[in-house]
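What follows is one structure encoded as structure tokens, with my remarks underneath.
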Amino acid sequence: MTPGRWLAAAALFVLLVLPAVLGTYGLTVFIFIFFYAFLGQAWNIVGGYAGQLSAGHAAFVGVGAYTAAKLAITYGLTPWIGMFVAGMAAALLGLGVAYLGFRFGLRGFYFVLLTVAVAEICRLITLHIDALGGALGLFITFTGNPWMFQFQDSRAHYYIGLALMLLATGVAAGVERSRMGAYLRAIKEDEEAAEALGVNTLRYKMLAMTVSAFLTGMGGTFYAYLIFSLQPAAVFGIPLSVDILLRPVVGGSGTLMGPILGSFILSPLAEVSRAYLSGGAWAGAHLVVYGVLLIGVVLFLPQGAYPYLRRLLARGDAS
Amino acid sequence: MRLLEVSALAKRFGGLEAVTDLSFTLEEGEILGLIGPNGAGKTTVFNLLSGFYRPDGGDVRFRGRSLVGLKPHAICLLGLARTFQIMRPFPHLSVLENVKVGALARHPHVRDALERAQAVIRRVGLEGKAHAPAGGLTLAERKRLEVARALATEPALLLLDEVMAGLNATETGRFIELVRQVNAEGVTVLLIEHVMKAVMALSRRVIVLNYGARIAEGLPEGVVRDPRVIEAYLGEEYTRAQA
Chain A
5 MTPGRWLAAA
15 ALFVLLVLPA
25 VLGTYGLTVF
35 IFIFFYAFLG
45 QAWNIVGGYA
55 GQLSAGHAAF
65 VGVGAYTAAK
75 LAITYGLTPW
85 IGMFVAGMAA
95 ALLGLGVAYL
105 GFRFGLRGFY
115 FVLLTVAVAE
125 ICRLITLHID
135 ALGGALGLFI
145 TFTGNPWMFQ
155 FQDSRAHYYI
165 GLALMLLATG
175 VAAGVERSRM
185 GAYLRAIKED
195 EEAAEALGVN
205 TLRYKMLAMT
215 VSAFLTGMGG
225 TFYAYLIFSL
235 QPAAVFGIPL
245 SVDILLRPVV
255 GGSGTLMGPI
265 LGSFILSPLA
275 EVSRAYLSGG
285 AWAGAHLVVY
295 GVLLIGVVLF
305 LPQGAYPYLR
315 RLLARGDAS
Chain B
2 MRLLEVSALA
12 KRFGGLEAVT
22 DLSFTLEEGE
32 ILGLIGPNGA
42 GKTTVFNLLS
52 GFYRPDGGDV
62 RFRGRSLVGL
72 KPHAICLLGL
82 ARTFQIMRPF
92 PHLSVLENVK
102 VGALARHPHV
112 RDALERAQAV
122 IRRVGLEGKA
132 HAPAGGLTLA
142 ERKRLEVARA
152 LATEPALLLL
162 DEVMAGLNAT
172 ETGRFIELVR
182 QVNAEGVTVL
192 LIEHVMKAVM
202 ALSRRVIVLN
212 YGARIAEGLP
222 EGVVRDPRVI
232 EAYLGEEYTR
242 AQA
């Protein structure tokens, strides 16, 4: 095994035994680290590897959250199955957005705007559907029934969150190693050159978006049963979309470890600043912290933290 | 056997007739040179053949099948590969990864594609640079990479767009040898080139374009003596230097 693999195995072991010593607050912090690492990793497939910047991934979280919650509340379908239905609903939306955007050749900034618009449209539509609770939102009655994805003990959320993070990382690793990964990277570098080499760029971009949206929709289900209430502004809002893409961007987009590292940097920061800077005059101050950090990353680590760290380690090995 | 048949091809950009009523054929195994002054429409012809532009008129038939309306990737998979005059390597990927993208067109498994890519890289003489990022290559190396990527898609017809421009005499010589070898292995070549030494050495036939239309066609030795070609492209200097 390479040193990197040993490190990953050791880190995984620590994460597996950590709940034994963590208090409730500590568990919550880690649950959000895993959750955003998972969402960031899902985003990474289309935004990182394929370089198609989506700033509307909240749309998939929202569609996934509402789908699974509605199916459970109205039809009694367990979210254990509902999360896959949620994934499929989000994937369908992702496919639609990708087709619209890529078929008509939207790139860069214009694609960003399209994804933002789609998330906003989802938010506005949900706001006016009474069956989904409208502006009040959808509330899930807490029963503590594990079969209905409800847990008294937040250690359950911890392990499910960890499993989701590993799942998305496994999917991203599979993509990275396959033909699809090579093609997505080629598309990110130069789409026309990729076309000339036989890459069906439209198909692969749509595929990346669909896989990414499926995972993100599953994440929406996890969110619904962590928070137990869904408001359109919270699950479809621009702040969530930004939260999702910031992890891989800060950690290193288009790398396997980037979203995880980014989440370990940003999620605790978000938690802490939310806890200490949320009252009265300080409301919204955590966004300032985010902003400053983001400017720092763009200025000093434009590739993200992970590629920088890797170079640093490689230099250490050589000396 | 006839590999490519271009008939009455036309492309307009606004009021500019970039290509007008162009017809020619390519036989299997041939090397055909496409020459002419800058702006004559040579690269436009490549873009039309490879699916990057849609013709306003006429037809392109490859192995009897019309290519009009097909996407570039579909045309590549049919066996027609091109290079870009303004080279477009994937700058952050290594040379090997660049060529691998081309090889994946015929070998869907990454392992097979890598093997194939390595063979092509040795072929063009870039094995020393296999793991270097493509963005850091010299001009001559980038030209080799451009050809390697196209070759990795295992084309029956290779369109080379000014791959020898800007190379020194030694490099040009090596490139001529490379094209000759590739052709000897059964790849038909359509060559856009300003380096007349290469055109003369390689082409069996030459077509001369000027203002989007063909002004001459024939054996290289004959074409360079054609007064219209001298007037439009080569100039008196070239003729005197040859004499």
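In the order they appear, the protein sequences are chains A and B.
5 is the number of the first residue of the first sequence in our numbering; add one for each residue after it.
2 is the number of the first residue of the second sequence in our numbering; add one for each residue after it.
Ideal placement from N, C-alpha and C gives every residue a C-beta, glycine not left out.
Contact test: residue i Cβ vs the ligand NAP heavy atom, cutoff 7 Å
{"i": "B/Ala157", "result": "The ligand NAP is not among the ligands present in this structure, which contains no ligands whatsoever."}
Bridge-paired residues (DSSP) for residue i
{"i": "B/Pro134", "result": "B/Ser95"}
{"i": "B/Ile36", "result": "B/Val209"}
{"i": "A/Val67", "result": "According to DSSP, which records beta bridges pairwise, A/Val67 is partnered with nothing at all."}
{"i": "B/Gly174", "result": "Paired residues: none, contrary to the question."}
{"i": "B/Lys12", "result": "B/Val20"}
{"i": "A/Phe143", "result": "A/Ser233"}
{"i": "B/Arg66", "result": "B/Phe63"}
{"i": "B/Phe25", "result": "B/Val7"}
{"i": "B/Gly58", "result": "B/Ala11"}
Assumed close pair residue i, residue j - CB separation to whole angstroms, cut-off 8 Å
{"i": "A/Val203", "j": "B/His74", "result": "6 Å"}
{"i": "B/Val200", "j": "B/Ala166", "result": "Contact doesn't hold; Cβ gap of about 12 Å is too wide."}
{"i": "B/Ala135", "j": "B/Leu146", "result": "6 Å"}
{"i": "A/Val326", "j": "A/Thr119", "result": "Nothing about residue 326 of chain A can be reported from this structure: the residues present for chain A run from 5 to 323 only."}
{"i": "A/Leu230", "j": "A/Leu250", "result": "The Cβ separation is near 20 Å, so there is no contact."}
{"i": "A/Ile126", "j": "A/Val67", "result": "Before going on, a small fix: residue 126 of chain A reads as Cys here, not Ile. That belief holds up - the Cβ atoms of A/Cys126 and A/Val67 are roughly 7 Å apart, short of 8 Å."}
{"i": "B/Leu49", "j": "B/Thr189", "result": "Incorrect: roughly 17 Å between the Cβ atoms, too far for contact."}
{"i": "B/Leu152", "j": "B/Val102", "result": "Between B/Val102 and B/Leu152 the Cβ distance is about 13 Å, and since that is not below 8 Å, they are no contact."}
{"i": "A/Ala123", "j": "A/Ala63", "result": "4 Å"}
{"i": "B/Arg205", "j": "B/Leu33", "result": "7 Å"}
{"i": "B/Ala202", "j": "B/Ile231", "result": "Not confirmed; about 20 Å, so no contact."}
Residue i and residue j closer than 8 Å at C-beta
{"i": "B/Leu127", "j": "B/Leu160", "result": "no"}
{"i": "A/Phe143", "j": "A/Gln154", "result": "no"}
{"i": "B/Leu27", "j": "A/Arg183", "result": "no"}
{"i": "A/Leu99", "j": "A/Met222", "result": "no"}
{"i": "A/Leu244", "j": "A/Ala212", "result": "no"}
{"i": "B/Ala9", "j": "B/Gly59", "result": "yes"}
{"i": "B/Gly80", "j": "B/Leu210", "result": "no"}
{"i": "A/Gly262", "j": "A/Val239", "result": "no"}
{"i": "A/Ile384", "j": "A/Trp47", "result": "Missing from the structure shown is residue 384 of chain A; chain A here goes from 5 to 323 and no further."}
{"i": "A/Leu43", "j": "A/Thr173", "result": "no"}
{"i": "A/Thr71", "j": "A/Ala93", "result": "yes"}
Close beta carbons around residue i, own chain, < 6 Å, minus the five adjacent residues each side
{"i": "B/Lys144", "result": "Val164"}
{"i": "A/Leu265", "result": "Gly255, Ala309 and Tyr310"}
{"i": "A/Ala95", "result": "Thr214, Ala217 and Phe218"}
{"i": "B/Arg64", "result": "none"}
{"i": "B/Pro92", "result": "Ala135 and Gly136"}
{"i": "A/Arg314", "result": "none"}
{"i": "A/Thr6", "result": "none"}
{"i": "A/Ala59", "result": "Val116, Thr119, Val120 and Ser245"}
{"i": "A/Ala69", "result": "Gly224, Tyr227, Ala228, Leu234 and Val239"}
{"i": "A/Leu291", "result": "none"}
{"i": "B/Tyr239", "result": "none"}
{"i": "B/Ala157", "result": "Gly80"}
{"i": "A/Gly258", "result": "Gly52 and Tyr53"}
Limits of the unbroken beta strand (DSSP E) element including residue i
{"i": "B/Ala82", "result": "Leu81 to Arg83"}
{"i": "B/Ala214", "result": "Ala214 to Gly219"}
{"i": "B/Ile193", "result": "Thr189 to Ile193"}
{"i": "B/Leu158", "result": "Leu158 to Asp162"}
Cβ neighbours of residue i in the same chain (closer than 7 Å, five flanking residues each side left out)
{"i": "A/Gly138", "result": "Leu131 and His132"}
{"i": "A/Leu57", "result": "Gly51, Phe115 and Val116"}
{"i": "A/Trp10", "result": "none"}
{"i": "B/Gly223", "result": "none"}
{"i": "B/His108", "result": "Ala114 and Arg117"}
Span of the alpha helix (DSSP H), counted from its first residue to its last, around residue i
{"i": "A/Gly44", "result": "Thr28 to Trp47"}
{"i": "A/Arg251", "result": "Ile242 to Gly255"}
{"i": "A/Pro83", "result": "Pro83 to Arg107"}
{"i": "B/Leu115", "result": "Val111 to Val125"}
{"i": "B/Ile87", "result": "Run containing B/Ile87: none; DSSP gives neither H nor E here."}
{"i": "A/Ala160", "result": "Ser158 to Arg181"}
{"i": "B/Asn48", "result": "Lys43 to Leu50"}
{"i": "B/Lys144", "result": "Leu140 to Ala153"}
{"i": "A/Pro263", "result": "Gly262 to Tyr280"}
{"i": "A/Gly8", "result": "Pro7 to Val21"}
{"i": "A/Phe113", "result": "Gly112 to Leu131"}
Spatial neighbours of residue i in its chain, beta-carbon cut-off 8 Å, leaving aside the 5 residues before and after
{"i": "A/Tyr163", "result": "Pro23"}
{"i": "A/Gln307", "result": "Gly256"}
{"i": "A/Gly8", "result": "none"}
{"i": "A/Phe17", "result": "none"}
{"i": "A/Lys74", "result": "Ala135, Leu136 and Leu142"}
**Request:** Taking a Cβ distance cut-off of 7 Å, strictly less, list which residues of the region 146-158 of chain B are near chain D, in chain order.
**Result:** Here chain D cannot be found, since the structure's protein chains are A and B.
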